[in-house]
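First the structure, in the form of structure tokens, and then the observations on it.
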Amino acid sequence: MLELAILGLLLESPMHGYELRKRLTGLLGAFRAFSYGSLYPALRRLQTDGLIAEDAGPDLLVKRRAKRVYQLTPLGRERFAELVADTGPQNYTDDGFGVHLAFFSRTPAEARVRILEGRRRQVEERREGLRDAVAKANGTLDRYTRQLHQLGLESSEREVRWLNEVIAAEQADPNPAPSHTAPNRTVKTEGEPDHG
3 MLELAILGLL LESPMHGYEL RKRLTGLLGA FRAFSYGSLY PALRRLQTDG LIAEDAGPDL
63 LVKRRAKRVY QLTPLGRERF AELVADTGPQ NYTDDGFGVH LAFFSRTPAE ARVRILEGRR
123 RQVEERREGL RDAVAKANGT LDRYTRQLHQ LGLESSEREV RWLNEVIAAE QADPNPAPSH
183 TAPNRTVKTE GEPDHG
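Heads up, the sequence shown stops at 198 in the working numbering, and the numbers go up one at a time, no gaps.
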């Protein structure tokens, strides 16, 4: 999923590793942090595979090393298109779904519906598993464990409702017009991708 996220962000504009890491965290949320330990090996692999190219920007200060700017190659654009059209089960997981959802505006309509339906099935299975676990425990769980199970159940039920709404909207209008920023709302900062 890191490959999809990197390619998707570089599709918007070239950027250096630190900026890319910051944008990955902003795009996918603070609870999904990316370390340099995973980001830079991924960048090297993508570069070796010819999906991205590196440009050591102008060296303004002799003592400072120039920042390496990464940009998407034509092969990288093709790979991104393949990844966003992929509807396999890896796209239904918590990590996979979140990354894919961030690039839904660039995902084919049919693929979006299949991914949403797959995610809904997975969350419904999780919800049923929690219900079964609570029923089998039959009073043997302490109150904190019961509350934890209840939280999981409520979260799963809320996500299923949300997925049902998104699927219905997608089926009603698979090609929605881009949303416009309402007055007094935060406008994206220059250089940030527009994924909506």
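We put the CB at the ideal spot given by N, CA and C, even for glycine. For clarity, every value in this text was computed on a predicted model and none was experimentally measured.
- prompt: DSSP three-state call for Y94: helix, strand or coil?
  reply: In the structure shown, Y94 sits in coil (DSSP, three-state: anything other than H, G, I, E or B).
- request: Measure the C-alpha to C-alpha separation of L12 and Q73 and round it to an integer number of angstroms.
  value: Using only the alpha carbons, I get a separation of about 6 Å.
- prompt: Beta-carbon separation of G19 and L48 under 8 Å?
  reply: No, the Cβ-Cβ distance between G19 and L48 is not below 8 Å.
- prompt: Nearest to E156 by alpha carbon, out of A111, T75, R128 and F106?
  reply: Per the Cα distances, R128.
message: Quick check: what's the CA-CA separation for F205 versus V86?
response: This structure cannot speak to residue 205, because the chain is shown only from 3 to 198.
- prompt: Can you list, in chain order, the stretches of the alpha helix (DSSP H) that have 4 or more residues and sit fully within the region 92-142?
  reply: DSSP runs (the alpha helix (DSSP H)) wholly in the region 92-142: 96-104 and 111-139.
field: Limits of the beta strand (DSSP E) - the one that L74 falls within
entry: Segment R70 to L74, the beta strand (DSSP E) holding L74.
message: Closer than 8 Å is the cut-off here; do at least three beta carbon pairs connect the region 160-178 with the region 137-145?
response: Taking a contact to require three or more Cβ pairs closer than 8 Å, the region 160-178 and the region 137-145 do not qualify as touching.
- prompt: Given that a residue counts as buried once 16 or more other Cβ atoms are within 10 Å of its Cβ, and exposed if not, what is P178?
  reply: Exposed, because fewer than 16 other Cβ atoms sit within 10 Å of the Cβ of P178.
- prompt: In whole angstroms, what is the alpha-carbon distance linking T188 and L143?
  reply: Its pLDDT being 40, under 50, T188 is placed unreliably by the model, and the measurement read from it follows with that caveat. A straight-line Cα-Cα distance of about 45 Å links T188 and L143.
task: Can you grab the Cα-Cα spacing for the pair D175 / H151, in whole Å?
output: Going by the C-alpha atoms only, they are around 36 Å apart.
- request: Drop a sphere of 10 angstroms on the beta-carbon of L132, count the other beta-carbons inside from all chains shown, and report buried for 16 or more, exposed for fewer.
  value: Burial call: buried.
message: Taking 7 Å as the cut-off, is the beta-carbon of L143 closer than that to any non-hydrogen atom of the ligand NAD?
response: With respect to small molecules bound, the structure shown includes none, and the ligand NAD cannot be examined in it.
Beta-carbon spacing of G52, L77 below 8 Å: By the CB criterion at 8 Å, G52 and L77 fall inside the cutoff.
message: I need the boundaries of the alpha helix (DSSP H) containing T147, first residue and last residue.
response: Per DSSP, T147 belongs to the alpha helix (DSSP H) from R145 to A174.
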